[in-house]
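Scroll down for the structure; my scribbles are underneath it.
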Amino acid sequence: MNWNPGDIVRVTQRTGEYITEVLEIHDSKLLVKVLAVTKYPTQGDLHSSYEVEVPLFHQRPALSYMEKFMTPIQGVIRYNGAIPDYKESVRQAMEREMEKLAKMAAWAERCLFELEKMHKEAFTNTK
1483 MNWNPGDIVR VTQRTGEYIT EVLEIHDSKL LVKVLAVTKY PTQGDLHSSY
1533 EVEVPLFHQR PALSYMEKFM TPIQGVIRYN GAIPDYKESV RQAMEREMEK
1583 LAKMAAWAER CLFELEKMHK EAFTNTK
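Spelled out as structure tokens, the structure:
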């Protein structure tokens, strides 16, 4: 696909996803600037997923409004929708991520409860 300066595109940068504007084309990369956030970056150590006892539990904020970065062309998707207000997009993306994590925590808690119950039934007073 051919990209031009001024095109509005959706890109992933590290673990976040952003609506950006193409500024420059460089061989296999585009220089883009952030206009809005669609997925808030993942927190924690990416090399030790779901581990909390790690030397450094990374806190990753979303990229800033108008922040520029290079992105590989192959991961770029054209964006045709309305561009939301940056601050509102951060709030919504962060709240979606928090809801997802809360659901995962509730699910994990229920799984642990059921496993403990089955463990007790299987291994208590067995001969």
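Per my numbering, the sequence shown runs over residues 1483 to 1609. Ideal placement from N, C-alpha and C gives every residue a C-beta, glycine not left out.
With DSSP as the reference, label residue 1508 as helix, strand or coil. strand
What number of angstroms, rounded off, separates the C-alpha of residue 1533 from the C-alpha of residue 1508? 38 Å
First through last residue of the beta strand (DSSP E) which encompasses residue 1539: Unbroken run through residue 1539: none, as it is neither H nor E.
Give the range of the alpha helix (DSSP H) segment to which residue 1576 is assigned. 1568-1605
C-beta contact flag for residue 1575 and residue 1544 at 8 Å: yes
If contact is defined by three or more beta carbon pairs under 8 Å, each pair taking one atom from either stretch, is the region 1581-1599 in contact with the region 1552-1572? no
Within a Cβ cutoff of 8 Å, which residues of the same chain sit near residue 1496, ignoring the five residues on either side of it in sequence? 1523, 1542
Under a three-way DSSP split, which group does residue 1557 fall into? helix
Candidates 1491, 1483, 1487, 1552, of which the one nearest residue 1562 by Cα: 1491
Alpha carbon of residue 1488 to alpha carbon of residue 1579, nearest angstrom: 29 Å
What does DSSP give as the partner residue(s) for residue 1492 in the beta ladder? 1501, 1559
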